[in-house]
Amino acid sequence: MQYKGPFPTLPEGVEYVGNIRTLPEDFEYKYLGARLATLMKVVDKGPPPSGILTWLERYPSERNALTIAVLGLFLTAFIGFLSMYLHGPPPLSG
């Protein structure tokens, strides 16, 4: 059954069965429609889980993506050097 309710999409795992009563063709949520749509957007999106994600959402740009990529590169190099330091030099073969 194709969903034809008041909201554009349904959450995953929810199946729209239909209305209990038949509704007239010109039915609309006259008083609560805008508020329900706003609530649905808030529930679907939700706040970011951390302050960094909040900042990135507030100020999106290519510079942020480059900064995160460079930070990941340095972090990877640091972990690599740290593992070499803790493990010691490789054994000499021969």
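Counting along the sequence shown from 1, when you hit position 44 you're at 35 in our numbering, and nothing is skipped either side. For every residue, glycine included, the Cβ atom is placed at its ideal position computed from N, Cα and C. What you are looking at is a predicted structure, and each value in this text was computed from that prediction instead of being measured.
Can you give the Cα-Cα distance for Lys32 and Leu73, rounded to whole angstroms?
Distance between the alpha carbons of Lys32 and Leu73 is about 45 Å.
Straight-line CA distance for Pro39 to Ala68?
Pro39 and Ala68 have their C-alpha atoms some 28 Å from each other.
Report the rounded CA-to-CA distance for Leu77 versus Ala56, giving the unit in angstroms.
Roughly 31 Å separates the two Cα atoms.
By DSSP, does Leu23 sit in helix, in strand, or in coil?
Secondary structure at Leu23: coil, using DSSP grouped into helix, strand and coil.
The alpha helix (DSSP H) with Val5 in it runs from where to where?
It is not in any alpha helix (DSSP H) - Val5 carries neither H nor E in the DSSP assignment.
Using the three-state DSSP reduction, which class does Asp17 fall into: helix, strand or coil?
Here DSSP, grouped into helix, strand and coil, assigns Asp17 to coil.
Residue nearest to Glu3 in terms of C-alpha spacing, selected from Trp46, Asp35, Thr13, Glu19
Comparing C-alpha distances from Glu3 to each of Trp46, Asp35, Thr13, Glu19 shows the shortest one belongs to Asp35.
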